[in-house]
Amino acid sequence: MTNAQARLQELQSAYQQIKARKLNLDLTRGKPATAQLDLSNALDGTLQGNYRCADGTDARNYGGGLGIPEARQFAADYLETRPAQVMVGGNSSLQLMYQYVANAHINGVKGADSAWSKEARDGQKVKFLCPAPGYDRHFSVCEALGIEMIPVAMTEEGPDMDQVEQLVKSDSLIKGIWCVPKYANPNGVVYSDAVVSRFAALAKIAGANFRIMWDNAYAEHHLVDNPPELANLLSLCEQQGTLDSAIVIGSTSKITFAGAGMAFIASSEANIKQFADYLGISTIGPDKVNQLRHVRFLKNMDGLRSLMQQHRAILQPKFERVLKHLDDSLAGKTVNGQPLGNWTRPQGGYFVLFDTQPGLADKVVKLCAEAGVKLTPAGSTWPYQRDPNNSNIRLAPSFPSLEEIDEAMAVFVLCVELASLEAA
Ligand SMILES: Cc1ncc(COP(=O)(O)O)c(C=O)c1O
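Quick note: the sequence shown uses our numbering, first residue 79, plus one each step.
Spelled out as structure tokens, the structure:
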């Protein structure tokens with residue numbers, strides 16, 4: 079028996095023993111842990127009966143479609159822009175993104191003639207560029223609206239901008255691009271200054287009403303002492319005269335309460351007004367009480383950053399534990415002369431991206447599932463769930479405890495090696 083055959087037998091019997099334990103572990107979604115949510119429990123009761131906003135508005139009543147002034151100021155500081163260019167509304171940035179794209183597609187951003195869907199004639203479709211791997215829910219927005227998705231390669235500095243520019247130049251039906259510019263979901267990439275500058279000029283070579291969906295979900299979600307800086311897309315676009323193309327989004331979902339935070343969107347004043355008017359058809363105003371209690375609780379960027387340090391204290395050990403399992407069990411090991419996998423070491427955000435040897439991601443996910451460890455479905459980081467190499471697996475360490483991470487990662491590394499040896 080060769081060494082590889084002996085190792086395979088050893089792993090197969092270890093796998094059967096794990097299966098018999100009927101584990102029930104979950105590394106799927108990037109949800110904050112209960113201890114993280116507890117950091118913001120003082121939100122409850124912050125207002126103490128004082129519902130007056132800075133401008134005298136009663137937060138309990140209807141109105142205020144753009145958000146209360148102090149929340150707009152807060153969001154402007156967070157998104158590094160001016161309050162006039164910001165709207166605060168709803169509890170979910172994903173909802174704002176869906177509503178923005180749906181409105182641009184169906185109704186238009188400057189009246190009915192500007193609707194993206196109007197340009198799609200002769201069976202053609204409106205298209206979006208999707209740097210991949212990317213965030214599955216961005217892709218679901220396009221899928222739900224019938225917008226065709228074109229994957230774009232990711233580099234260590236952000237999307238491959240040669241490819242992006244060549245595509246938008248050659249097809250005016252490409253109406254937008256999804257971006258997570260800092261600590262990208264799932265590969266942790268932070269876009270370089272050069273990439274952001276090229277984004278600021280993109281609308282000059284794109285078709286009409288092109289939009290960059292700049293989802294800065296992890297702007298302050300650092301895991302390191304000297305976090306990388308992201309160039310300011312809004313101000314670069316302003317310099318280039320392309321401000322209308324920048325749609326910058328954020329939320330407090332992973333700062334305070336994931337289901338009861340506040341979400342914000344920034345762009346040109348005209349864009350923000352048009353979008354707020356559109357939302358005004360379906361609501362007579364956002365939850366201003368939630369906005370007010372958030373601003374009173376977080377206070378300002380200093381308050382927010384000190385809260386994020388407390389998040390980091392909870393999250394960092396979990397990321398380190400995941401990486402320790404990968405380093406200890408997989409680093410330096412090869413099958414067929416190839417490494418068993420590659421993985422990211424994120425400086426922030428919520429995910430570690432693991433790449434199996436080509437063709438094995440779905441098998442590893444299935445083996446883990448049968449051993450009681452749920453992972454995000456293979457392929458979900460790609461448009462239409464089609465990972466061309468079948469190799470990406472997104473690991474989300476935030477929600478489980480350290481003990482659960484230990485158990486789940488022991489199963490994961492075993493399944494990676496088992497799948498690789500079985501396929502050899
Ligand atoms: C890149 C990205 N954008 C948006 C969201 C969701 O944000 P929200 O809760 O504000 O809708 C997530 C959540 O995982 C995310 O990873």
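Just so you know, even glycine gets a beta-carbon here, dropped at the ideal spot from N, CA and C. Predicted model, so just to flag it, every value in this text is computed and none were measured.
- An exposed status is given to LEU480, since fewer than 16 other beta-carbon atoms sit within 10 Å of its beta-carbon.
- Judged by beta-carbon spacing, LEU89 lies within the 7 Å limit of LEU496, meaning their Cβ atoms are closer than that value.
- Here the alpha carbons of SER407 and VAL187 stand approximately 52 Å from one another.
- Collapsing the DSSP output to three states places CYS208 in a strand.
- It is roughly 18 Å from the alpha-carbon of ASN378 to the alpha-carbon of ASP122.
- DSSP, read as helix, strand or coil, puts ARG99 in coil.
- In the DSSP assignment, SER331 falls outside any alpha helix (DSSP H), carrying neither H nor E.
- Each of ALA193, GLU221, VAL430 was checked against the Cα of PHE206, and the nearest Cα belongs to GLU221.
- The DSSP-derived three-state label of GLU485 is helix.
- ARG199 counts as exposed, since fewer than 16 other beta carbons sit within 10 angstroms of its beta carbon.
- As computed with DSSP, ASP293 is found in a beta bridge with ILE327.
- Within the model, the alpha-carbon separation for ALA391 versus ALA190 is close to 49 Å.
- Taking C-alpha positions only, LEU125 is separated from CYS315 by approximately 38 Å.
- Between TYR176 and PHE342 the beta-carbon gap is near 15 Å, outside 8 Å, which marks them as no contact.
- The segment 242-257 makes no contact with the segment 485-493: fewer than 3 CB pairs, one atom from each, lie closer than 8 Å.
- Shown here for ASN420: same chain residues with a beta carbon closer than 8 Å to its own, the five before and five after excluded, namely PHE432, ASP433 in chain order.
- For VAL267, the CB contacts under 7 Å within the same chain, skipping 5 residues up- and downstream, are MET232, GLU234, GLY236 in chain order.
- Residue pairing by DSSP puts ILE255 in a beta bridge opposite LEU207, ILE290.
- In this structure the segment 125-138 does not lie against the segment 336-351, because fewer than three pairs of beta carbons, one per stretch, are closer than 8 Å.
- Nearest to ALA324 by C-alpha distance, out of MET340, VAL302, THR330, ALA279, is ALA279.
- For LYS97, the closest of ALA447, GLY381, GLN425 by C-alpha to C-alpha distance is ALA447.
- If the five residues before and after VAL400 are omitted, its C-beta is found closer than 7 Å to the C-beta atoms of VAL430, LEU473, PRO475, ILE483, MET487, all from its own chain and listed in chain order.
- Residue environment: MET291 is assigned as buried (16 or more neighbouring CB atoms within 10 Å of its CB, all protein chains considered).
- Residue pairing by DSSP places PRO237 opposite MET232 in a beta bridge.
- The alpha carbon of GLY142 has as its nearest neighbour, out of GLN394, PHE277, ALA354, LEU499, the alpha carbon of ALA354.
- LYS441 is not a Cβ neighbour of ASP104, given a cutoff of 7 Å.
- At least one heavy atom of ligand 1 lies less than 6 Å from the C-beta of ALA295.
- Residue state for LYS377 is assigned as coil, using DSSP reduced to three classes.
- By alpha-carbon distance to LEU223, the top candidate from GLY108, GLN435, VAL179 is VAL179.
- The way I'd put it, the segment 326-343 does touch the segment 289-307; three or more beta-carbon pairs between them come closer than 8 Å.
- Residue pairing from DSSP places TRP421 in a beta bridge opposite PHE432.
- Annotation: LEU115 to LYS332 spans about 9 Å, alpha carbon to alpha carbon.
- When C-alpha distances from LYS247 are compared across ILE471, ILE283, PRO436, the shortest belongs to ILE283.
- Within the DSSP bridge table, the entry for GLY426 names HIS300 as partners.
- By the Cβ neighbour-count rule, TYR140 is exposed, with fewer than 16 other Cβ atoms within 10 Å of its own.
- Separation of the CB atoms of SER498 and LEU438 is rounded to 6 Å, and the pair is thereby assigned contact status at 8 Å.
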